[in-house]
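Undergrad:
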Amino acid sequence: MAKVLMKGNEAVAEAAIRSGCRHYFGYPITPQTEIAEYMAKRMPKVGGLCLQAESEISAINMVMGAASAGVRAMTSSSSPGISLKCEGISYIAGCDLPCLILNVQRGGPGLGGIQPAQSDYWQATKAMGHGDLHLIVLAPSSVQEMASLANKAFDLADKYRMPAMLLADGALGQMMEPVDLDGIKAPEAVCKPWATCGHDGKRKKNITNSLYINPDDLEKTVIERFARYETVKANEIMYEEYLTEDADIVVVAYGITARICRSAVAMARAQGVKVGLFRPITLWPYPYEALGRLADTASRFIVSELNMGQMIDDVKIAINCRRPVDFCGRTGGVLLTPEEILNAILGGKK
Amino acid sequence: MAKVLMKGNEAVAEAAIRSGCRHYFGYPITPQTEIAEYMAKRMPKVGGLCLQAESEISAINMVMGAASAGVRAMTSSSSPGISLKCEGISYIAGCDLPCLILNVQRGGPGLGGIQPAQSDYWQATKAMGHGDLHLIVLAPSSVQEMASLANKAFDLADKYRMPAMLLADGALGQMMEPVDLDGIKAPEAVCKPWATCGHDGKRKKNITNSLYINPDDLEKTVIERFARYETVKANEIMYEEYLTEDADIVVVAYGITARICRSAVAMARAQGVKVGLFRPITLWPYPYEALGRLADTASRFIVSELNMGQMIDDVKIAINCRRPVDFCGRTGGVLLTPEEILNAILGGKK
Amino acid sequence: MNRVTFNVDRCKGCGLCVAFCPKKIITLSSDILNAKGYHPAQITEPEKCIACAMCATMCPDTVIKVEKEI
Amino acid sequence: MNRVTFNVDRCKGCGLCVAFCPKKIITLSSDILNAKGYHPAQITEPEKCIACAMCATMCPDTVIKVEKEI
Amino acid sequence: MSKVVFDRPHALSDVPLHYCPGCTHGIVHRLVAQTIDELGIEDKTIGIAPVGCSVFAYNYFECDMIQAAHGRAPAVATGVKRSLPDKVVFTYQGDGDLAAIGTAESVHIAARVENITIIFINNAIYGMTGGQMAPTSLLGQVTTTSPYGRDPKIQGNPIRVCEMLATLDGTAYAERVAVDTVQHVNATKKAIKKAFQMQLEGKGFSIVEVISSCPVQWGKTPVEALEWIRTDMIPHYPLGVYKDITANS
Amino acid sequence: MSKVVFDRPHALSDVPLHYCPGCTHGIVHRLVAQTIDELGIEDKTIGIAPVGCSVFAYNYFECDMIQAAHGRAPAVATGVKRSLPDKVVFTYQGDGDLAAIGTAESVHIAARVENITIIFINNAIYGMTGGQMAPTSLLGQVTTTSPYGRDPKIQGNPIRVCEMLATLDGTAYAERVAVDTVQHVNATKKAIKKAFQMQLEGKGFSIVEVISSCPVQWGKTPVEALEWIRTDMIPHYPLGVYKDITANS
Amino acid sequence: MTYNILIAGFGGQGVLFAAKQIASAGMALGKNVTWLPSYGPESRGGTSNCSVVISDEEIGSPLVIKPDCLIVFNLPSFEKFEQSVKPGGVIFSDSSLVDRKSTREDITVHYVPASGAASDNNLTGFANVIMLGKFIKETGLFDSEKFLNHLIDNIPPSRAALIDKNRSAYTIGSGL
Amino acid sequence: MTYNILIAGFGGQGVLFAAKQIASAGMALGKNVTWLPSYGPESRGGTSNCSVVISDEEIGSPLVIKPDCLIVFNLPSFEKFEQSVKPGGVIFSDSSLVDRKSTREDITVHYVPASGAASDNNLTGFANVIMLGKFIKETGLFDSEKFLNHLIDNIPPSRAALIDKNRSAYTIGSGL
Ligand SMILES: Cc1ncc(C[n+]2csc(CCOP(=O)(O)OP(=O)(O)O)c2C)c(N)n1
Ligand SMILES: Cc1ncc(C[n+]2csc(CCOP(=O)(O)OP(=O)(O)O)c2C)c(N)n1
Ligand code: SF4
Ligand code: SF4
Ligand code: SF4
Ligand code: SF4
Ligand code: SF4
Ligand code: SF4
Ligand SMILES: [Mg+2]
Ligand SMILES: [Mg+2]
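Here's what the structure looks like:
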């Protein structure tokens, strides 16, 4: 099929459907409401369900129910709505259930604004709820990736039995770009012997649960889950490098910011500056090693994000604090311009 | 007054009352329900209010209302309940309102268990809600500190107009120790000209708000708030050192774990090992500098917590990745023993 | 004479006053555009106004002030 | 004869069966302690039992099985 | 000589409202402001704005204002009122805010007998976010999230808030009104005033549900929208007093 | 020869219940299990356990079980039922779970006409956490968070859930029963069975509110506790059918 | 080559539609394109604008801050964005609605009476398409014939009735 | 010096009360003390236990895993904790309820028929205080007289009726 011009919000919805998701639960919030609206139109045509819950909390718990029943389920929201899902996500992680959660970030804190931001980086990568837990977090940086990473996220979630998050932003949600959806396919039926779907008299009953009154039992489940996290780290880390081989300066950016940085890098290269771009695609697990290797040759790193510098520490850890790490960011819904980043590359502090 | 033997949960409640807090909003959850129960008994006697909300969400939003009205208000909960407060806390931060939030942590994720844990470290210090925000986070390690730091937290919250969190755990909440409450006092009336308490015809109306439709405006408020955060960093960092001057090995631990580590350090010293303990009291702002200085002399650091290693990165950043950082922790509600930590000090990996 | 005054730049040309005036003496100006880009309401035959304030009652933007001759 | 059997180790000695037996033929044993530390219920005059199952109906722990002679 | 029979109330800030042309949120704002004026309580009133089209209500009333999280205005109001029992506290909330995400807060502010007034704007739609289904959307109503019409088997039935809250002992006063005609607007004014008065008298929780229009998301002209209130909304949401503890005394 | 007139139902797992002596949660568990047995639906039923004393219900029923977050069982149940419409789905929830933190979820499962059954245990207390006030605690009732007795001016009024949910069009069946006497237990059994049957027939949302005892947190013996249901609870929570869409057909 | 376009006007003037046609045509030519609307409550009733980027390279920011080409349908937008146009750039202004001339000398400005032409030709609501005709003609960004065909192809069958109007409007614009 | 005590029994046997008396007496002597109960649903009805630490130094862990002294009021607790007692430590076992002898040779075990003595002396419910009497006598942790006075002082006025019973029970215990 030829490419089609689609909004990021529509592309991610269509990709989810093509990935076999037939259960969407959401609650309207700008700038991602088009996802629910698209689902409301399309799902009935493919025998699926788009249910507007009474709240984000209800939506994430419906996802928990559907995921436990064994189907591919998802929800989407934007920053304040994602905060409301923290408890539910922690339960889903604690119950080892696969599902897709999409955060089309906007400026915060509080009601904040509705323009693009990346200020939920810490929440997504470190503390998407209470307790020791992680989500697989993927950061698309184009409408095409909104689609392809949604597909990937479902696969990873099922493979490792854990929730996966797509961490996007208002610009990616609202913009249109050409997308090719041909590669987006549902897997052969995934076997989910643990699903609570009625035992049909054929097996012992299944239980979906995250309660362990005996702390040793609880610790055991956490340790087992962290062992699975290690497998994810070993197998699934994704990143992209652009002109990093000979780079003296490395810009580290993800999502919408990464593509703006790419322009800035190209501009700087045109001026003869040896600069490259490192783009983590998996924000969790973070590509510490790959980024760390760049510190062998590069002498300076610049973190660029739409927040107050939430990724800085991850970059420092990645490069073992061997090089200076500068920051070039905007927050509150303001998009960075290539010129601002160029300026940072050329040595001006923002 | 002489010391009294009190539970941590009771001491923190009594300290809040003595600090001038007359508005407590909560929802029962183990292991901190005694706080609400103590408040329910005591508040009516001092003309105060203990209100059991219909949920944690409602409780934090009642706190927002009371804080906005200009009174000292607080809520308390434990891990799953704190996750539910994320949106509300982000609003409180975005509205620059002072209040006290207490997390008596238990094991997670999900419903988890009810025994002591420290696995909400990341949530408390990095991402207590969506958007760029911080709370002042204090980690008591004794019943006495449950009281004195509650008092301190109220003062800091008012001084900097931001929410403060006491990050405790089930052991601190449930245990009794002798406490001296004499020093716990309410300040002279704090002036809150921004409070929405009715303008009385004497001033222009006040608005409590976190919405800024124009991203530049939102960014400005965030930057202003981060400037305030810098003042907090400059003035309010607290930590404790024990036998660190000549230490070759430094154990870094906070809260209940710190005192267990203290025993382990004493045991190791008795065996001639040069080991010390560094205890952050403010977890945010983190005592990066003070800890970093220890890397000049110490050759090895051990992070000890009741989680899967959430503070490790902060320690690495503090010491600029100059020394190896080991980890000795338990999770899910299991308390560390001095022996386990001693073992880690003596070189055995846990 | 009774007097109806419009805060023209606040008018959004919604037409509710037009629809509810019992005397049918309000119209939306077809030529004028106010600062906000709307065709504001205006009174055509002021002398017929009975100062009933129905227009003002239904105006969502509190554009209209009504004065009664006494 | 009708038969009432108690799963003794499941009994918590709550006394509800005692209170609801219309024949008043159940008591809590004062001397025996079961594995859980409770004084379990026991039937005193089995022959009086009418197999009405009221004891079983009110037992929260499904301790009691009732069989009727037919 | 002449007498002003209608003018902007003082408690309504002298700034343009951001609402769409013909949106009756504006009428209700004015009625609340008139009430505040008439009762002389501007200086001791604290209003709570919701998340919804009326989020900017904090700019429109001359009393102190708080902007609450989506659905949580009743909880915020409770925090204020319990701190300042002598002040007048009201919330202004849409149907998504009050009857969807804020259901628990609405039920419990009533159950707790909070001496607070809620002005509840039922426009059967999520206006702010662009026309999604509300808990009060009518059966068959086409919205962006019920594009084939609200189907009870999929999206469930509309909720009647006054009827539901009237079952709670703590509700002192619950009335449903509309703003589709001059008469109804005047009745709305009376209801709002009564609700505030009951608060001043310490009677407990009062709610005025206003059937209001959203011409833009309904895809109607402002005049058609008022018509639709009459023909479609009111038949499903009968106007009237659902609870009034002062009625037979 | 003899016939077994009473024995453990198959759907009730053969493990000891963790409930306190005389706690009637156990009776209701058995009634649900008997119903599942009689309807022969164990193999296609999915139950949702709440957070509350009955959190361990996942250990006690032989069907597939899910442990939901506090108050969210109706949402989890909805996710399951919408994925597996041919299965039988029920939740088992306490009064804190259903009528406090889960109020929105309870109201909306009814509004959405979900074809799901809720077994609602009203014991007027938070049992699990040690005896705090529930939304259904009676006026004057002493609990650890209403140590001077529940005062409507401070803690508000008890909520009558069946009455409230009966106002929603989506509720197909709502009945309040009790387990304080043999007759009432038998009536409870009938109500539970009817609720499941209505689900099997696709009639929509059904709820059975069971007035249940919590001897430990009430500070009473098991027998006294049943007495208190009769003397204090039932007068405030009248037993009966509050909604039954099959009644006059 | 990267070409940045900003289109702005009141909501309801077809700003987003026009922008989408340009982006879509760019895509058909195998170019990289992005289309980014302003969004949120302020776009309701008030002004609406849309960034379109067409490029041979991968596109960085989809947000156009310094347009090569600005198309405006109302005065506020003209005033807001006039100075942002790159030196050497171009403005298309609906002169029926914007009675202002640009003060800039380093850019080309086309004053296109699109709305007037629309109402004169019984094409009310098609000022945006008229403007597209003019835009393509002047910028030569795409082959005019192909662009029109592409535009027509994009009209869904349910709206086939509008084909003629679009065609007329486009042709009028090309001729202005 | 640090002294670790673990007290365990069924809920309702006064385990927490006894533990609190010891901690409180330690505090009165100016010692550092901690008191940590097992908590949560499993403590309801089931077994209940409590850690008490008394020390001249700052106390590290309040959780007693290897007690210097174990006091048990039921068999499950005896079985669960017997092996955890430090070599050289001591067990006080209510031999009226625990019909087991310790197999350990490296500790001292006092078999105290506390419950029996309680019911024999019309002091049902005071086995815990009887045990305290024996515990103080054998360990010499505190001055026995002072401990008793302290215990009596801690009884709230509303419960003054219980003073005599406590005194008798303690005295009986000291004599066992
Ligand atoms: C937690 C959260 N969820 C969702 C939103 C997005 N949101 C903003 S307004 C709104 C609905 C408003 O509808 P309603 O309450 O009916 O008010 P109206 O706009 O119709 O007046 C929603 C869902 C939000 N801001 N916060
Ligand atoms: C989010 C959250 N809040 C609070 C709790 C603590 N909690 C556990 S059970 C319970 C109340 C249970 O009361 P109820 O629902 O009436 O059930 P019962 O124990 O009386 O059967 C509470 C508040 C929790 N686990 N999670
Ligand atoms: S006051 Fe009455 S008559 Fe006069 S213009 Fe207004 S509506 Fe018409
Ligand atoms: S009702 Fe008000 S806003 Fe509407 S047209 Fe009349 S004056 Fe203008
Ligand atoms: S079956 Fe009836 S008569 Fe027999 S013991 Fe039970 S209650 Fe008593
Ligand atoms: S009712 Fe059951 S648990 Fe209670 S005493 Fe009788 S048999 Fe035992
Ligand atoms: S969207 Fe609807 S409710 Fe919102 S301002 Fe516009 S007309 Fe009013
Ligand atoms: S606390 Fe109450 S409800 Fe819970 S098990 Fe015990 S008696 Fe039953
Ligand atoms: Mg609405
Ligand atoms: Mg209960």
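Chains as they are written, first to last, in the working numbering: chain W, 1 to 350; chain U, 1001 to 1350; chain B, 2001 to 2070; chain L, 3001 to 3070; chain E, 4001 to 4249; chain X, 5001 to 5249; chain C, 6001 to 6176; chain Y, 7001 to 7176. Beta carbons: idealized from backbone N, C-alpha and C, even for Gly.
1. Just to confirm, is the Cβ distance from X/Tyr5173 to X/Met5198 under 8 Å?
2. Ligand 5 heavy atoms versus the CB of L/Ile3025: any closer than 7 Å?
3. If we ignore side chains and look at the alpha-carbon of each, how far apart do X/Ala5247 and W/Gly110 end up?
4. Determine, using beta carbons only, whether W/Ile184 and W/Arg18 come nearer to each other than 8 Å.
5. Could you confirm whether any beta carbon from chain X is found closer than 8 Å to the beta carbon of E/Ala4134?
6. Under 8 Å by Cβ, that's how I've got U/Tyr981 and U/Glu1010 pegged, so tell me the actual separation to the nearest angstrom.
7. Ligand 7 heavy atoms versus the CB of E/Gly4219: any closer than 7 Å?
8. Would the C-beta of E/Leu4012 count as close to ligand 4, meaning under 7 Å from any of its heavy atoms?
9. Given that a residue counts as buried once 16 or more other Cβ atoms are within 10 Å of its Cβ, and exposed if not, what is W/Met176?
10. Taking buried to mean at least 16 other C-beta atoms within 10 Å of its own C-beta, is X/Ala5225 buried or exposed?
11. Would a check of beta-carbon distances place Y/Ser7043 closer than 8 Å to chain U?
12. Between C/Leu6075, C/Pro6113, C/Asn6154, C/Lys6066, which has its C-alpha nearest C/Ala6023's C-alpha?
13. How would you call W/Cys191, buried or exposed, if buried means at least 16 neighbouring beta carbons within 10 angstroms?
14. Threshold first: 4 residues or longer. Then list the alpha helix (DSSP H) segments lying entirely within the segment 1265-1339 of chain U, N to C.
15. Mind checking the segment 88-113 of chain W against chain E and listing, in chain order, the residues whose C-beta falls within less than 9 Å of any C-beta there?
16. Would you list, in sequence order, the uninterrupted alpha helix (DSSP H) runs of no fewer than 4 residues that lie entirely inside the segment 4065-4148 of chain E?
17. Looking at U/Pro1080 and ligand 8, is the gap between the Cβ and the nearest heavy atom below 7 Å?
18. Which residues does DSSP pair with U/Arg1106 in a beta bridge?
19. Can you tell me whether W/Lys349 is helix, strand or coil according to DSSP?
20. What does U/Thr1076 reach in chain E if we use C-beta pairs closer than 7 Å?
21. Around the Cβ of W/Asn414, are there at least 16 other Cβ atoms within 10 angstroms (buried) or fewer (exposed)?
22. Just to check, is the beta-carbon of X/Asn5123 closer than 7 Å to a non-hydrogen atom of ligand 2?
23. If contact is defined by three or more beta carbon pairs under 8 Å, each pair taking one atom from either stretch, is the segment 1137-1154 of chain U in contact with the segment 112-132 of chain W?
24. Taking the C-alpha atoms as reference points, what is the distance between B/Lys2023 and B/Glu2047?
25. Quick one: Cα of E/Arg4150 to Cα of E/Thr4143, how far?
26. By the DSSP assignment, the alpha helix (DSSP H) with U/Trp1122 in it spans what residues?
27. Roughly how many angstroms lie between the CA atoms of W/Arg228 and W/Pro163, to the nearest whole one?
28. Measuring from the CB of L/Asp3061, is there a heavy atom of ligand 6 at a distance below 7 Å?
29. Mind reading off the beta-carbon distance from C/Ile6107 to C/Gly6089? Whole number of angstroms is fine, and I expect it under 8 Å.
30. Between C/Ala6019 and the rest of its own chain, which residues show a CB-CB distance below 7 Å, the 5 nearest in sequence each way excluded?
TA: Judging by the given coordinates:
1. yes
2. yes
3. 49 Å
4. yes
5. no
6. The structure shown does not extend to residue 981 of chain U, since chain U spans only 1001 to 1350, so no value can be given for it.
7. no
8. no
9. buried
10. buried
11. Residue confidence is low: Y/Ser7043 scores 47 on pLDDT, short of 50, so the model does not pin down where it sits. Its coordinate-derived value is still stated next. So, not an interface residue.
12. C/Asn6154
13. exposed
14. 1288-1294, 1312-1318
15. Gly110, Leu111
16. 4073-4083, 4103-4111
17. no
18. U/Pro1116
19. For W/Lys349, the predicted structure reports a pLDDT of 43, less than 50, and the residue's modelled location is therefore unreliable. The matter cannot be settled from this model.
20. The sequence shown places Ser at residue 1076 of chain U, rather than the Thr named in the question. By Cβ distance, chain E contributes nothing, its closest Cβ being about 15 Å from U/Ser1076, past 7 Å.
21. Since the displayed chain W opens at 1 and closes at 350, residue 414 of chain W lies outside it and no answer follows.
22. yes
23. no
24. 11 Å
25. 8 Å
26. 1121-1126
27. 13 Å
28. yes
29. 5 Å
30. Ile6007, Trp6035, Cys6050, Val6052
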